[in-house]
Amino acid sequence: MTDQNRTTADLTAQEWHQMMSSGAADIERTLEGHLSFVQSADESVRAFVATDANAVTSAALDLVDGRNRGDLPGPLFGVPVGIKDIIDTEDLPTQHGSPIHAGRYAIADATVVRRIRQAGGVILGKTATTEFATFYPAATRNPHNLDHTPGGSSSGSAAAVAAGFVPVALGTQTNGSVIRPASFCGVYGFKPSYGLIPRTGIFDQSQSLDQVGFFAKNLDDLALVAQLTAGDDGVDPASRGLAAHRFVDVMNQPPAMTPRFCFVKTPWWNQVSPDAQEAYQAFLDLFEGQIEELVLPDVVNKAVEWHSTVNESELAAGLSREWLHHRQVLSEPMQKRLQAAHQISAYDYLLAKSRIPHVSDAFAEFFEKYDAILCPAALGEAPKGLESTGNPIMQTVWTFGGLPSVNLPFLTGESGLPLGVQAVGAYRQDGRLLRSLKWLVSEFETRSQSE
C-alpha cells in the first residue's frame, strides 16, 4: 500500500514501534497524519469521544527530544493507544460516558496510563464507553457494519482497534465488557486475572469485580501491553504484593508438551444462535477430537446470581453521589437499576461476595488437566441496532471468579460478522494461558489454510 494513513491503520503495536524507533518515519508528522486520518474516519464509527492534536504533537516532540538525548526507546515508543473514558488522563477529559461528568479533567493519570506513557506510548484519545461502563449504549458503531453494535461497555476501544485507529486500546471488564466487544469487532481481547493490573485512577463500578483489559490485533501486542501495566502500584488493594509479570517471555517459551484444551457449551448454549453453534462445531471439527467437550460444574448457575448481587450493590455505592445530586441526569434504565439495587440486603451482598474464591476454586480441577477452557465468546454475531450492546452471559462466571480470559477472533457468523472463541485460564496463570493460545492460534491458521 502506498497511502501512509492506510498503512499505519494496518500496523500492529510492534510494527509501529519498529517504524518509529528505527528512524524510518518522522515521529511528529506520522502521528499528526494518523490522527488526522482517525478524526476523519471516526465521523462514522464514533470510537473516540475526545482527541487533542496539541497533546499528540507535544507527546511526539517529547519522544524526539528523548531520542536526541540518547534515551533508549521504550517498548511502546511512538505507538498510538486508545484509553477508555473511565480511565483518568490528565490531558484529556474523563467523562465516564455521562453528561454528569462532561468536561471533567483528572488531576493525574491512572496508573495504567502513566505506565503506558513511561513505555513511550502516545495517548491518541479517549474511547467511548457506555454510561458508567454499564449497559446504556454509547454512540459507537461496529466498523464491520455500522448498523450493528460494537458491544460494550468498552465499545470505543474495541471499535478503534478494529478500524485501525490504534493498534492497542485499554478497556475494563466488570461483566463482559472486554471479551464481548472484542468478539463483535473481530479483534483480540485479553482480560487478565483479577488484581494483576492496578485500577488506581479508574472509575470504581465494582471494587470486587472491576478488571482492566486490552484490545489488539494479535496476542503478542496483548502480552506486551499487559506486561507493561501489571504489578502492584502501592494503591490498589487488589494488586497489593503482586509483582510485574513477564507475559511476553512466558508466552514465547515453547510449551513442554502439546497444550490441552476442553470446550464447554455452558448452560446458555440454547441461547447461542444456530449459525454460531454451527461455527463453533466447525471449529471443533477442525481439531478432529483433540479438544474434549465437557460440562461445567453446577456452581456456574449460582455464580451468575452472585455476580449480579455484588455488581448491583457496589454500583449503587459507587454512584451514590450521582444518585443523590444528579438523579434526573442518569438514564432511565440506570435510575431503575439503582433503585432496584438499593433493595439488596447487606447479608445477601456479603454472602455473594464471599463466594468469589469458591467459584475460582471450582475450576482448579479443570486446569490440572487442561491449559485452557474454550467456550463461545458471545451468543452470536453483533446484534443489529445500537439500542443494546448484547448479552454478556458468556463472560459472567469467569469475571466473577477473576479468571484470565482471551477472545480469539477465529470465526464469522451467517452475516459475515466476526465471532470469537473465548479461552479461559487458571487464576493468576495468565502466562500459561497466553503460551497455550499462541500454539492454538498457529495451529488454527495452519489447519484453516489446509481446508
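Following numbering that gives the first Met the number 0, the numbering of the sequence shown begins with 0 at its first residue and continues without gaps.
C-beta atoms are modelled at their ideal positions from N, C-alpha and C, and glycine is treated no differently.
Going by DSSP in three states, D297 sits in which element: helix, strand or coil? In this structure, D297 counts as coil in the three-state DSSP scheme.
Do R354 and W305 have their CB atoms nearer than 7 Å? Between R354 and W305, the CB-CB gap stays under 7 Å.
Let me know if E130 comes out buried or exposed under the rule of 16 or more other beta-carbons within 10 Å of its beta-carbon. With 16 or more other Cβ atoms from the protein chains shown falling within 10 Å of its own Cβ, E130 counts as buried.
If you run the structure through DSSP and keep just helix, strand and coil, what is Y279? Collapsing the DSSP output to three states places Y279 in a helix.
Quick check on F246: does DSSP put it in helix, strand or coil? In the structure shown, F246 falls within a helical segment according to DSSP collapsed to helix, strand and coil.
Express the C-alpha separation of F286 and A370 in angstroms, rounding to a whole number. Going by the sequence as given, residue 370 is Asp instead of Ala. Those two C-alpha atoms are separated by around 16 Å.
Beta-carbon proximity list for E27, same chain, < 8 Å, skipping 5 on both sides: Counting only Cβ-Cβ distances below 8 Å, and skipping sequence neighbours, we find T56, A59, L60 and V63.
Counting only runs of 3+ residues fully inside the stretch 97–137, write out the beta strand (DSSP E) ranges in chain order. Whole beta strand (DSSP E) segments, 3+ residues: 121–126.
With a cut-off of 8 Å, do at least 3 Cβ pairs link the stretch 388–397 to the stretch 313–330? Because the criterion of three Cβ pairs below 8 Å is not met, the stretch 388–397 and the stretch 313–330 do not touch.
Through-space distance from L410 to I85, alpha-carbon basis: Within the model, the alpha-carbon separation for I85 versus L410 is close to 30 Å.
What residue ranges within the stretch 363–417 form continuous alpha helix (DSSP H) runs of no fewer than 4 residues, ordered along the chain? For the stretch 363–417, the continuous alpha helix (DSSP H) assignments of 4+ residues that do not extend past its boundaries occur at 363–368 and 392–400, in sequence order.
Counting only C-beta atoms, is E27 closer than 7 Å to chain D at any point? Checking the listed chains, one finds no chain D in this structure; it contains a single protein chain.
For L218, which of helix, strand or coil comes out of DSSP? The three-state reading of DSSP puts L218 in helix, counting H, G and I together.
Taking only runs of the beta strand (DSSP E) that begin and end inside the stretch 15–77, which ones reach a length of at least 3 residues, in chain order? DSSP runs (the beta strand (DSSP E)) wholly in the stretch 15–77: 47–50.
Three-state secondary structure (DSSP) at E450? If DSSP states are grouped into helix, strand and coil, E450 belongs with coil.
In the structure shown, what three-state DSSP assignment does Y346 receive? Looking at Y346 - three-state DSSP - the assignment turns out to be helix.
Proximity winner among F282, S238, A118 and S154, relative to R427 (alpha-carbon distances): If you compare the alpha carbons of F282, S238, A118 and S154 with that of R427, the shortest gap goes to S238.
Going by beta carbon distance, what residues of the same chain come within less than 8 Å of L283, once the five residues before and after it are set aside? The beta carbon of L283 sits closer than 8 Å to those of F262, I290 and E292, all from its chain and outside the five residues before and after it, given in chain order.
Close-in-space but distant-in-sequence residues of the same chain around E311 (CB under 8 Å, 5 per side omitted): Hits under 8 Å: R336, A339, A340 and I343.
Rounded to whole angstroms, what's the CA-CA distance from G120 to S21? Just pull it up for me. Going from the Cα of G120 to the Cα of S21 covers about 15 Å.
Starting from the Cα of R320, find the closest Cα among E42, T7, A8 and I99 and give me that residue. Looking only at E42, T7, A8 and I99, the smallest Cα-Cα distance to R320 is reached by I99.
Have a look at the DSSP bridge pairing and note the partners of V420. Note: V420 sits in a beta bridge opposite P375 and L407.
Specify the secondary structure class of A168 as computed by DSSP and reduced to three states. DSSP places A168 in strand when its eight states are reduced to three.
For the alpha helix (DSSP H) holding K335, just list the boundary residues, first then last. For K335, the enclosing alpha helix (DSSP H) begins and ends at E331 to A340.
Taking the straight line between their C-alpha atoms, what separation do you get for M0 and A158? Interpretation of M0 is limited by its pLDDT of 33, a score under 50 that renders its predicted location unreliable; no figure is taken from the coordinates.
How would you label M256, buried or exposed, when you count the other beta carbons within 10 angstroms and need 16 or more for buried? With fewer than 16 neighbouring CB atoms inside 10 Å of its own CB, M256 falls in the exposed class.
Under 6 Å Cβ to Cβ from G73, same chain only, skipping five residues before and after it: list those, please. Short of 6 Å from the beta carbon of G73, and not among the five residues preceding or following it, lie these beta carbons of its own chain, in chain order: A118 and G119.
Three CB pairs or more closer than 8 Å across the stretch 36–51 and the stretch 161–174: Result yes; three or more Cβ-Cβ pairs closer than 8 Å.
Going by C-alpha distance, which of Q204, L436, L416 and N174 is nearest A222? Comparing Cα positions, the closest option is L436.
With a cut-off of 8 Å, do at least 3 Cβ pairs link the stretch 189–205 to the stretch 226–238? Cβ pair count under 8 Å is three or more, so yes.
Can you tell me whether F262 is helix, strand or coil according to DSSP? It is a strand residue.
Identify every residue that forms a DSSP beta bridge with E292. According to DSSP, which records beta bridges pairwise, E292 is partnered with F262.
Within 10 angstroms of its Cβ, does E313 collect 16 or more other Cβ (buried), or is it exposed? So E313 counts as buried.
For D2, collect the residues of the same chain with a Cβ closer than 6 Å to its Cβ; drop the 5 residues on either side in sequence, then sort them by chain order. Low confidence applies here, because D2 scores a pLDDT of 48, under 50, leaving its location unreliable and the question unanswered by this model.
In whole angstroms, what is the alpha-carbon distance linking Q94 and F189? The alpha-carbon atoms of Q94 and F189 are separated by roughly 24 Å.
Under a three-way DSSP split, which group does S144 fall into? Correcting the residue type first, residue 144 is Asn in the shown sequence and not Ser. DSSP places N144 within a strand segment (E or B) once states are collapsed to three.
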